[in-house]
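Start counting the sequence shown at 6; every next residue gets the next number (this note's numbering). For reference, the structure discussed in these notes is given below.
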Amino acid sequence: MDQWVDFFSMWEHNEGLMNVSCSAIFNGTRDNSMTENLDILEAIGAESDKMGVDRRFNLAIIMQESKGCVRAQTTSSPGEDVTNPGLMQTHDGLGTCAGTENRTTPCGPVMIRQMVKDGVQGTAGGDGLKQCWDTSPGSGAAQYYAAARMYNSGAIDGSGDLGAGCCTHCYASDVANRLTGWVNATSPCTLDNDS
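Dropping the structure here:
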């Protein structure tokens with residue numbers, strides 16, 4: 006973890022991407038306002054500190070899941086009847102500012118906090134970062150990378166290889182790179198290229 010960037014540097018490096026991520030990813034969706042970004046920053050601090058989850062890990066997951074777009078579209082887990090809404094694409098979470106017609110503008114601080122809470126504390130349907138970290142193997146940075154893989158896929162492959170199993174094979178690698186300062190470069194991981 007000594008190679009990770011500090012939280013506020015990480016935030017500053019990612020804020021530029023957050024400012025344009027909604028329109029870039031979700032075709033014309035209104036981008037985050039400065040107030041919405043500040044609400045994300047506040048929610049990360051509050052929920053991370055409350056649950057004992059490193060703020061940098063929380064931000065890395067937000068950037069991996071939605072690039073920080075408060076109006077990120079709700080997705081569905083492959084082969085399951087599970088929705089993944091919000092900044093952290095949570096397991097049947099309550100927090101979202103994505104609508105079917107016009108995505109909610111502005112996305113208020115209560116809903117932004119709910120999105121981050123769902124991702125950190127978990128939901129009735131699935132684990133959050135806290136539960137994944139508490140049950141992941143290893144220690145130090147390795148424990149966080151394992152927790153990231155569990156957050157993405159629900160489990161770690163029986164081999165222990167964080168690039169094996171279902172879902173996004175490069176997830177743990179990409180999160181690790183985000184924690185060391187990567188923002189918007191091409192992922193160096195090639196495990197998902199043939200998927």
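Glycine included, every Cβ here is placed at the ideal spot set by N, Cα and C. Note that the structure is a prediction, hence the values are computed from the model and not measured.
Residue from the options with nearest C-alpha to residue i
{"i": "I66", "options": "C175, C102, N198, G165", "result": "C175"}
{"i": "E17", "options": "G186, A129, V125", "result": "G186"}
{"i": "A103", "options": "D97, D123, M120, A77", "result": "A77"}
{"i": "C112", "options": "A190, R35, T88", "result": "R35"}
{"i": "Q69", "options": "T40, V188, S14, G168", "result": "V188"}
{"i": "N24", "options": "G50, V10, V75", "result": "V75"}
{"i": "M15", "options": "M39, A147, F31, L46", "result": "L46"}
Residue range of the alpha helix (DSSP H) that includes residue i
{"i": "T140", "result": "134-140"}
{"i": "A177", "result": "176-184"}
{"i": "Q119", "result": "114-126"}
{"i": "A65", "result": "60-71"}
{"i": "Q148", "result": "145-158"}
{"i": "T40", "result": "39-56"}
{"i": "S14", "result": "12-23"}
{"i": "S28", "result": "26-30"}
Spatial neighbours of residue i in its chain, beta-carbon cut-off 8 Å, leaving aside the 5 residues before and after
{"i": "D54", "result": "R60"}
{"i": "V58", "result": "E52, V125, L134, K135, W138"}
{"i": "P193", "result": "S178, N182"}
Which of helix, strand or coil DSSP assigns to residue i
{"i": "T88", "result": "strand"}
{"i": "S192", "result": "coil"}
Residues of its chain near residue i, where Cβ-Cβ distance is below 6 Å and the 5 sequence neighbours each way are ignored
{"i": "A181", "result": "Y150"}
{"i": "R118", "result": "A48"}
Other residues of its chain near residue i: CB distance less than 7 Å, five sequence neighbours each side excluded
{"i": "L167", "result": "Y150, A151, R154, I161, A177"}
{"i": "M6", "result": "G145, A146"}
{"i": "N157", "result": "C172, T173, Y176"}
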